[in-house]
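Numbering-wise (this note's numbering), the sequence shown opens with residue 35 and increments by one. Using N, Cα and C, we set each Cβ at its ideal position, and we do this for glycine too.
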Amino acid sequence: MVDRSGPESASLSFRSNIAYKGSAKTFTSSDMEKATDNFNELGVLGEGGFGLKLLSNEDGL
Numbered sequence: 035m036v037d038r039s040g041p042e043s044a045s046l047s048f049r050s051n052i053a054y055k056g057s058a059k060t061f062t063s064s065d066m067e068k069a070t071d072n073f074n075e076l077g078v079l080g081e082g083g084f085g086l087k088l089l090s091n092e093d094g095l
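1. Taking the beta carbon of A58 as the centre, do at least 16 other beta carbons fall within 10 Å, making it buried, or is it exposed?
2. Is K68 closer than 7 Å to L79 when the C-beta atoms are compared?
3. Apart from the five residues just before and just after D71, which ones in its own chain have a Cβ nearer than 8 Å to its Cβ?
4. Residues in the same chain with beta-carbon distance under 7 Å from F73, minus the five sequence neighbours each way, listed in chain order, please.
5. By Cβ distance, which residues of its chain are closer than 8 Å to G85, with the 5 residues on each side in sequence left out?
6. Which runs of the alpha helix (DSSP H), 4 residues or longer, sit entirely within the region 44-70?
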């Protein structure tokens, strides 16, 4: 089980004039559930400013 009793990490929003011109893959909730064994906490690698980092069990995700 992940300990969430510590301080929360919050991201501050800011405006940027930088345009992103790359490409990024969009994943569905179904893709993420499948790749993480339904967000199984045994696959937690760590936690950062954007939430938990989970190990993927799927190739290509």
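Let's see:
1. Counting from 1 along the sequence shown, the entry for residue 58 is found at position 24. Classification of A58: exposed, given that the 10 Å Cβ count is below 16.
2. Locating residue 79 in the sequence shown gives position 45, where the first residue counts as 1. Locating residue 68 in the sequence shown gives position 34, where the first residue counts as 1. Not a contact, by the Cβ cut-off of 7 Å.
3. What you label residue 71 is simply residue 37 of the sequence shown in a count that begins at 1. Cβ neighbours of D71 beyond the five flanking positions: G77, N91.
4. Residue numbering aside, residue 73 sits at position 39 when the sequence shown is read from its first letter. Same-chain partners within the cutoff: E67, L88.
5. Taking the first residue of the sequence shown as position 1, residue 85 is located at position 51. Nothing meets the Cβ criterion.
6. 63-69
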